Amino acid sequence: MTPKPLVTTLAAAVLAATLYAGLRPIGPLPPVGLLLDPVNGVWANAGTSVPARSEVTHIPGLKGSVDVRYDARGVPHIFATSEEDVYRALGYVVARDRLFQLDIQTRAATGRLTELVGRQALEADEGPRMMGMPRAAERKLAALDPAGVSRQMMDAYAAGINAYIDNLKPKDYPIEYKLLNARPERWHSINSVHLLNQMGLTLAAGGPDHRLLRAAALIGDSAAESVFPVHSPIQEPIEPVEGWTGPHDRFEQIAAPGAPDTAAARVSSLFRQFEGDDPSTETHPSFASNNWAVAPSRTRDGYALLAGDPHLQLTLPSIWYEVHLVVPGKLDVYGVTIPGSPGVVIGFNRDVSWTFTNTGADVMDFYRETVDDTLNPKRYRVDGEWRDLVTRLEEYRDQSGAVIHTDTVRYTHRGPMTRDHGQWVSMRWTLLEPSNEIRAFYDVSHARNVYEFETAMAQNFWVPAQNMLATDRNGSIAIRSTGHFPIRPNGRTSEFIFDGSSSANDWTGYWPIDKYPQSVNPAQGFLASANQEPEIPESQLGYLGGDADYEVWRALRINQLLRTSTSVTVDSMIRWQTDPSSVRADLFVPYFLAAAKREDSLGRGSKSLDSAATLLGEWDRKYTRANTRAVLFETAMQQLSDLTWDELMRDGKRVATPSTAVLAELMSQPTNAWWDDRRTKNVVENRDDILAKSLVAALHIVTKKHGAADAGGWRWDRVQFANIYHLLQIPAFSALGIPVQGGVGTLAPSSGAGIFGPSWRMVVEMGPEVRAWGTLPGGQSGNPFSPRYTDHLRFWESGALQPLLFPRTTGELPTTETSATLKLEPAR
Amino acid sequence: MRSVRFAARVMLIAVACAIGTLWLGWLSVVGVGFVYGLVESRVSARGSIAALGAAVAWVGLVGADLARGADIRLVAAQIGAVMHVPAVLLVVATLLFGAILTGTAAVLGAAIGAALTGTGTARHARAPSN
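As they're listed, the protein sequences go chains X and C. First residue of the first sequence: -10, per the working numbering; consecutive thereafter. First residue of the second sequence: 0, per the working numbering; consecutive thereafter.
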């Protein structure tokens, strides 16, 4: 039967259209054919979601067999016969679980996202390149001894990743590559440096407090320095202070808002990249890591205990990858690694356990440079002499490899130089200088006590500065804020930008190690850090920077818990990591209640104020998920902030928000001029007026938004969530709206958008046999279809930790706890 | 008998499409459909046979993953969400995609085959009517 011409024509048209759709990308989606192909398309990823129970693979370069046992939590226990092999195997298993993460994070760190997603990533790519990060990584790698331990680790790790990539068939590509119509890129050793630099960017990009500048531009220097002090008005530092048995106030009279400072406004405009303050929030500390250790004398079982929960951006897959590395007689370390970088960052071995919080030191300075040509400078002047600028051409490419944009980045001897508002400014930053953190990770994995740990870290870990807490099996506990802290020639100056024409303004070195904030086996029997100022200002060798980004409340709460507990257990350590109580609430709630009472006694009360005060008074000051009063307090605090800091408003937005520690300081000055709401004419408000107003406004807002107080809408878990986004921000691959315990200022604070939080929780008991517990906000696998993608999330969400298995040999890992095995053999 | 022949043809196409997809990729079904159309240019319902064969093949290939424990439902739900379509539509789209490619290629192949041989009479095999 001959097909009718019409049918044939129609068939040809449909076939052509289907082929077109199959071969050409449609909008942001890749060609349909690549996606729907049942063998190589998205369906194939369902097949790769369940790893084989048992697998044998040959990889080049191995010296001996490597036995990898995945436990029931999906953690690989890697048993090798040499350290080189163990890191090669580590690269292989990390790539197996997290290949896309390795790739995209490296591209983000090096400003090469355009090669994956095209021109839309150009702005994001310019950031790291203009800050000189790719060049810095190259210089760091070049400075390493080619035959040294770090290079050997990085090279072996890279070879392991590449062994996995080389064996990969298109059908096995992670789903993200298929959605982006891309393919994995081979790994280079330098990528490990890029990734550590990226972590450094996250944690050490804090320069001087630019909020101070913006505030000074509006209210003058004196008032600005009062509300944005370098040192917190409430102190309980990391390094214990002799004679202190609790926090100390350093309250001073806060200067009234004054006239604008035009010079500050000019300088402030040079730092547009730091204008990220959200005027709608009271404060918004992004990161909030905690760690604490308890000496045997204060624990129930007589063993040192350590707890750590570094707070970072929450992502799926997690920022961390959990591993156990064993080379009999040489290495036996468990902990979390940064995918893409060899070495356990936070963890424990048979003798020592360790964890970090960020020090948040100011390690970034800016210099106004004198150049020979404003538009196209080739030289800059220092001490009356011209010096050549180093230039580097940065090329940005799209998915096809075509150059879509170029930048020329210029460098002075200090660092990269950029032009803003007609002014050339160079930057010196510890992150851009040679360092060898990977060597530090290697050394501490072999440490036998806290002294060896702290020494190893101080020798090679320079950036980002961390509060490194350790405990050992001998019962010692120790902490040291470790990293390169610059010595400025004139200490800290009020200038935010130094005169680059004089070398006298350059750093003269770094703090000597013995001057680092530190403590070993303090008399109090515990140590704690929560990003607060590491030592009291009087003890600091020089300007270190402030802690305003982090607030002091968590530190106060941890110390409060530790101080009142003389028989600490593992369970209490775990419970405290999600402790719902808030010292901040304990401080502010009474002020609100007293203000309401006072207004009432003066005959200025109202039904709303009475209701609000009654509801707030019912609050147990805990941010549990079922709590129905925390929302009122948080809204009242928001209102209090808005009404108090109205002088910091410009064009309808607040340019900067002082910390709540400063607000607490202001509470002690009930008639300070800051309390006056300038928007009300002919009335001068005092503290209690503003507190009462805030409380009434909060009740109105909360009722309007969430209904009546006990109708269910005020539950904390209906208001505050954790949101863990996939690396490509794909909602279907994300875990959103997770109800969590904790609020502003608690040990597990939930930020406004809920995208930051504890990226790893760990508790270790340093008994005769080391025991540990931990969990991640996600799982070990980066495959969104794998059951291991989010299998730890329910533990994380509830605040529970899972026991971490720490077998000495493969035989010590029970079969019931083994979910899969992988045998790596040398390639034939 | 007609049904058996129809089913046999469908299975034959299915096997060819499955092998082609496994070895050469999704585009191979176009070739399978076209060749089938050429060879059986006088068979009625060749487009339907080819389309059905491709769909069966792709169901089989996806089903093989399912049999190995793969969570096809999860993939359908999540990729569907990425593409803003219901999960079931993603499954249907996959099968339709293969079916349309193979079926239309078979119709084209038949037209060319008929033109080459200059014949126009149906030889046998019609689609079964239930």
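We put the CB at the ideal spot given by N, CA and C, even for glycine. Here the structure is a predicted model, which means the values were calculated and not measured.
- For L550 (chain X), the secondary structure class from DSSP, reduced to helix, strand or coil, is helix.
- By the rule that beta-carbons nearer than 8 Å mark a contact, M10 (chain C) does not touch chain X.
- For V74 (chain C), a Cβ of chain X is located within less than 8 Å of the residue's own Cβ.
- For the C-beta of V31 (chain X), the chain C residues within less than 7 Å are, from N- to C-terminus, V74 and I78.
- Apart from the 5 residues on each side of it in sequence, A447 (chain X) sits with its Cβ closer than 6 Å to the Cβ of T471 and I502 in its chain, given in chain order.
- For Y356 (chain X), same chain residues with a beta-carbon under 8 Å away, outside a window of 5 residues either side, are T401, R403, V414, S415, M416, R417, I486, F487, D488, G489 and N494 in chain order.
- The region 746 to 756 of chain X makes no contact with the region -2 to 14 of chain X; the number of CB pairs closer than 8 Å stays below 3.
- Within the region 11 to 32 of chain X, G11, L12, L18, V21, G22, L23, L24, L25, D26, P27, V28, N29, G30, V31 and W32 place their CB atoms closer than 9 Å to a CB of chain C, listed in sequence order.
- Counting along the chain, the unbroken alpha helix (DSSP H) around A113 (chain C) starts and ends at A86 to T116.
- A buried status is given to G324 (chain X), since no fewer than 16 other beta-carbon atoms sit within 10 Å of its beta-carbon.
- Nearest C-alpha to K52 (chain X) among X:V28, X:E104 and X:T70: X:T70.
- Positions of the alpha helix (DSSP H) runs, each at least 4 residues long and wholly inside the region 485 to 531 of chain X, cannot be given because no such run exists.
- For D86 (chain X), the uninterrupted alpha helix (DSSP H) segment begins and ends at E72 to T99.
- Taking 7 Å as the upper bound on Cβ-Cβ separation, chain X lies near residues L60, V61, D64, R67, G68, A69, D70 and I71 of the region 60 to 72 of chain C.
- Only exposed fits N365 (chain X), as fewer than 16 other CB atoms lie within 10 angstroms of its CB.
- Less than 8 Å separates the beta-carbon of W57 (chain C) from that of P27 (chain X).
- Residue nearest to L591 (chain X) within the set X:D677, X:L550, X:T660 and X:T567 is X:D677 (criterion: CA-CA distance).
- Looking at the backbone, the Cα of L102 (chain X) and that of M406 (chain X) are separated by about 23 Å.
- In this structure, the straight-line span from the alpha carbon of W500 (chain X) to that of H473 (chain X) is close to 7 Å.
- Within the region 296 to 322 of chain X, the complete beta strand (DSSP E) runs of at least 3 residues fall at 300 to 302 and 310 to 316.
- Around the beta carbon of P331 (chain X), 16 or more other beta carbons sit within 10 angstroms, so the residue counts as buried.
- Between the beta-carbon of V752 (chain X) and that of L790 (chain X) there is about 6 Å, and that keeps the pair under the 8 Å contact cut.
- Taking a 10 Å sphere around the C-beta of I18 (chain C), we find fewer than 16 other C-beta atoms and assign the residue as exposed.
- Here M120 (chain X) has P405 as same chain residues with Cβ atoms under 7 Å from its own Cβ, once five neighbours each way along the sequence are excluded.
- When DSSP reads this structure, M755 (chain X) sits in a beta bridge with X:A293 and X:V759.
- Contact annotation, V74 (chain C) with W32 (chain X): C-beta distance approximately 6 Å; criterion of less than 8 Å satisfied.
- The region 769 to 777 of chain X makes contact with the region 70 to 89 of chain X: 3 or more CB pairs, one atom from each, lie closer than 8 Å.
- One finds nothing in chain X with a Cβ atom closer than 7 Å to the Cβ of I48 (chain C); even the nearest lies about 13 Å away.
- Within the region 2 to 38 of chain X, complete alpha helix (DSSP H) segments of at least 4 residues are found at 21 to 25 and 31 to 36, given in chain order.
- A445 (chain X) is classed as buried because its beta carbon has at least 16 other beta carbons within 10 Å across all chains shown.
- Bounds of the beta strand (DSSP E) holding G726 (chain X) are A724 to P728.
- M755 (chain X) sits close to D461 (chain X), with the two beta carbons spaced by under 8 Å.
- Burial check for T304 (chain X): the Cβ neighbour count within 10 Å reaches 16 or more, so the residue is buried.
- Per DSSP, the unbroken beta strand (DSSP E) holding H66 (chain X) starts and ends at P65 to F68.
- A distance of 8 Å or more separates the beta carbons of A204 (chain X) and V541 (chain X).
- Rounded to the nearest whole angstrom, the C-alpha separation of D210 (chain X) and P647 (chain X) is 14 Å.
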